[in-house]
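Visitor: Please read through the structure below; I'll follow up with questions.
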Amino acid sequence: MLDTDLRVLYANRNFYETFQITARETIGNLVYDLGNHQWNIPALRTLLEEIIPERNLFNGYQVKHEFPSIGKRIMLLNARRIANLPQKQAMILLAIEDVTDERKKNEENQQESEDRFKYIFDNSVLGNSITRINGEMQVNKAFCELLGFSAKELQNTKWQDITHPDDIGVTQNEINDLLSGEKETAHFTKRYLKKDGSILWVEVHTSLRRNEEEKPLYLMTTLVDLTERKQSQKEIESLARFPSENPNPVLRIALDGTLLYINQAGINLLPRWHLKVGKAAPPKLRKVVTQSMKVEKSRLLNLKYGEWLYSFFISPIMAAGYTNLYGRDITEHFQAEKKLKIAFKDLERSNKELEQFAYVASHDLQEPLRMVASYTQLLEKRYKNKLDGDALDFINYAVAGANRMQRLINDLLSYSRVGTRGEPFKPVSSLAALGQARINLNAAIMENHALVTNDDLPEVLADGSQLVQLFQNLIGNAIKFHKPDEAPRVHVSAKKVSKNWVFSVHDDGIGIEPQYFERIFTIFQRLNPGEDYQGTGIGLSICKKIVERHAGKIWVESQPDQGSTFYFTLKNTDSKVKKP
Ligand code: ADP
37 MLDTDLRVLY
47 ANRNFYETFQ
57 ITARETIGNL
67 VYDLGNHQWN
77 IPALRTLLEE
87 IIPERNLFNG
97 YQVKHEFPSI
107 GKRIMLLNAR
117 RIANLPQKQA
127 MILLAIEDVT
137 DERKKNEENQ
147 QESEDRFKYI
157 FDNSVLGNSI
167 TRINGEMQVN
177 KAFCELLGFS
187 AKELQNTKWQ
197 DITHPDDIGV
207 TQNEINDLLS
217 GEKETAHFTK
227 RYLKKDGSIL
237 WVEVHTSLRR
247 NEEEKPLYLM
257 TTLVDLTERK
267 QSQKEIESLA
277 RFPSENPNPV
287 LRIALDGTLL
297 YINQAGINLL
307 PRWHLKVGKA
317 APPKLRKVVT
327 QSMKVEKSRL
337 LNLKYGEWLY
347 SFFISPIMAA
357 GYTNLYGRDI
367 TEHFQAEKKL
377 KIAFKDLERS
387 NKELEQFAYV
397 ASHDLQEPLR
407 MVASYTQLLE
417 KRYKNKLDGD
427 ALDFINYAVA
437 GANRMQRLIN
447 DLLSYSRVGT
457 RGEPFKPVSS
467 LAALGQARIN
477 LNAAIMENHA
487 LVTNDDLPEV
497 LADGSQLVQL
507 FQNLIGNAIK
517 FHKPDEAPRV
527 HVSAKKVSKN
537 WVFSVHDDGI
547 GIEPQYFERI
557 FTIFQRLNPG
567 EDYQGTGIGL
577 SICKKIVERH
587 AGKIWVESQP
597 DQGSTFYFTL
607 KNTDSKVKKP
């Protein structure tokens, strides 16, 4: 408590203790003189001498002062003039609060919070920057890493230096909005330029920090790398382009029949249907959609469009309440298929006719031929003694010719019979078929001292008598085309390859030059005409026809003088064979 001359009238114990001063040294003394003029503080003087007389009080005035006795202190001063007590002199009540410790703590807290902030700023996984109003940036590690710069390289860099030129305007506008107070925070996407020159898409979140007087201090910015998001965005966009790039019509129709989407191809190719997004689809399509949503199943449907034919893949998406339709113009395809069917029928007919013709021709040729042969032979028998040597030779030629013709006709007949007189396929023992062929070839085997051997042979699905014929022709050839002065040896075996049996008929005969491997299977093609090897050139053609009727293949492997191996395939008994 001071009097108006600023002498101390009273002080409390707290005062004495805090400032380490006694009552004696205090009471009656000028406040400035206390404790060796410790209180001679200019700020206090101003307060007591100028502010109090004028306003009668001051509140919460902070004074920092170094006291010789107790050191540096921060005090909060409050004062009030008490003037209206009757008969009493005016007094000044001065309250001094030592807030040194409290302020210190505040300062420490401040420091700690700054440290914490710096730590978070530096170590955030997001790119952070603090940008001054002049554009200079202070950035964290993540920011540097995002752009591929070192912290040093970004020191004193302005944001404009690392922003994509096209995005400087956008960024500046956002900053202006913050500066003008129009926005408190700004959120936008922009491109930065990385150190390697490439572009970095980021999402920017910025706020402006102002001081107490609302003056802008700096911008706090956080970046979110959009590379991945941009990429998946791009993927989504490119996926979305798929239907529009489709050269075929793509449509989407809602359950109520409204057209929701149509691609350009649909508009171009189906103008007569007047398809417009938002409008009802034509009744034909609406019906399809209603049905498809009912059955909830995708299906293919052919729809006529004028003289065209479209195949639509109709895919109802129940959860979304619409149906997708993928169209394809199959007009040409359809017509081609139709033509193909007709051609196939024609071919089938002409094949049948041809077979019929060959059969009838060879069958009906036999009779007159027999007549020629038998009468020529009769001529020889009866007039042998009356004819000269030349005439007899001629008769012999005629008989040989007739016989040869008969063999040809016989072979032709069996060739045409492969197709016309075939039996249905049944499981048959190929071993038994080989046995029968061997019996049929008995004469040739004996005559040539041939040795025909075999491995164990399987059961197959086949026409039994044709299988006999097949073995007979191949083994007959193997015996026939033996090396001169060498008894032929023939070996038959079979190997299973997936669902097929591959049979082989191997001989050690004269062999075949590879260039003839194909040709020998054609009708009338013979490599060794003349006296040595008799034949008509039909045997292998018959083999080929038989094997192909069984949906198999036939081929040969051989070298001249090294023997030959003929291979053919037949189905296993448990495979399904198309009806021949
Ligand atoms: P053909 O036996 O009546 O002459 P093929 O159609 O059976 O008629 O045979 C055609 C030709 O293939 C034969 O003339 C012969 O030159 C050749 N050929 C067939 N089988 C053999 C074989 N095992 N070894 C050598 N050549 C053969």
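Plus 36 on top of the position in the sequence shown (first one is 1) and you've got my numbering.
Backbone N, C-alpha and C define an ideal beta-carbon position, used for all residues, glycine too.
(1) Answer yes or no: the CB of ALA480 versus the heavy atoms of the ligand ADP, is any distance below 6 Å?
(2) Taking 6 Å as the line, does the beta carbon of SER452 fall inside it for any heavy atom of the ligand ADP?
(3) Would you give the residue range spanned by the alpha helix (DSSP H) that GLU368 belongs to?
(4) I need the DSSP call for ALA498, collapsed to helix, strand or coil.
(5) Might you give, ordered along the chain, the residues of its own chain that have their beta carbon closer than 6 Å to the beta carbon of THR367, omitting 5 neighbours on each side?
(6) With a cut-off of 8 Å on the beta carbons, I'd call GLY599 and GLY545 a contact; round off their distance for me.
(7) With DSSP collapsed to three states, give me the class of PHE557.
(8) Can you list, in chain order, the residues of its chain with a C-beta nearer than 6 Å to that of LYS531? Leave out the 5 residues immediately preceding and following it.
(9) I want to know whether the segment 241-250 touches the segment 214-228 - three or more CB-CB distances under 8 Å.
(10) Within the present structure, is the beta-carbon of ALA523 separated from the nearest heavy atom of the ligand ADP by less than 6 Å?
(11) Got a sec, what are the start and stop residues for the alpha helix (DSSP H) ASP426 sits in?
(12) Tell me the DSSP secondary structure of ALA290 in three-state form.
(13) Just the Cα atoms here: how many angstroms apart are SER351 and LEU321?
(14) Going by DSSP in three states, GLU343 sits in which element: helix, strand or coil?
(15) Quick one: measure Cβ to Cβ for ASN76 and PRO104, integer angstroms, because I've assumed they're closer than 8 Å.
(16) Checking the sheet assignment: what are the DSSP bridge partners for SER160?
(17) Kindly indicate which three-state DSSP category ASP261 falls into: helix, strand or coil?
(18) Tell me the DSSP secondary structure of ASN209 in three-state form.
(19) Kindly examine the ligand ADP and report whether one of its heavy atoms sits closer than 6 Å to the Cβ of SER398.
(20) Quick one: what's got a C-beta closer than 6 Å to SER165's C-beta in the same chain, skipping five residues either side?
(21) Distance, Cα to Cα, ALA469 vs THR558?
(22) In terms of residue numbering, what span does the alpha helix (DSSP H) encompassing GLY471 cover?
(23) In or out: LEU448 buried (at least 16 other Cβ within 10 Å) or exposed?
(24) If I'm right that THR605 touches VAL592 with Cβ under 8 Å, what's the distance once you round it to whole angstroms?
(25) Determine the closest residue to GLN125 out of THR40, LYS333, SER234, LYS231, with distance taken between C-alpha atoms.
(26) Our contact map puts ASN284 next to GLY184 with C-beta atoms below 8 Å; I'd like the distance itself, whole angstroms only.
(27) Identify which residue in ALA434, VAL238, LYS194, LEU383 has its Cα closest to the Cα of LEU262.
(28) DSSP on HIS518, reduced to helix/strand/coil?
(29) At the level of alpha carbons, what is the spacing between LYS201 and GLN208?
Guide: Taking the geometry as given:
(1) no
(2) no
(3) 367-419
(4) strand
(5) Closer than 6 Å at Cβ, skipping near neighbours: TRP344, LEU345.
(6) 6 Å
(7) helix
(8) Same-chain partners within the cutoff: VAL538.
(9) With a cut-off of 8 Å, the segment 214-228 and the segment 241-250 count as touching, because enough Cβ pairs lie within range.
(10) no
(11) 425-456
(12) strand
(13) 13 Å
(14) Here GLU343 carries a coil assignment [DSSP, helix/strand/coil].
(15) The pair is not a contact, with the Cβ atoms about 11 Å apart (cut-off 8 Å).
(16) For SER160, which the question treats as bridged, DSSP gives no partner whatsoever.
(17) Three-state result, ASP261: strand.
(18) Three-state result, ASN209: helix.
(19) no
(20) Taken in chain order, the residues that qualify are MET173, VAL175, PHE179, THR257.
(21) Each residue's Cα considered, the two are about 25 Å apart.
(22) 466-476
(23) buried
(24) With a Cβ gap of about 13 Å, THR605 and VAL592 do not count as contacting.
(25) THR40
(26) Not a contact, Cβ separation roughly 46 Å.
(27) VAL238
(28) coil
(29) Note that residue 201 corresponds to Pro in the displayed sequence, not to Lys. About 11 Å.
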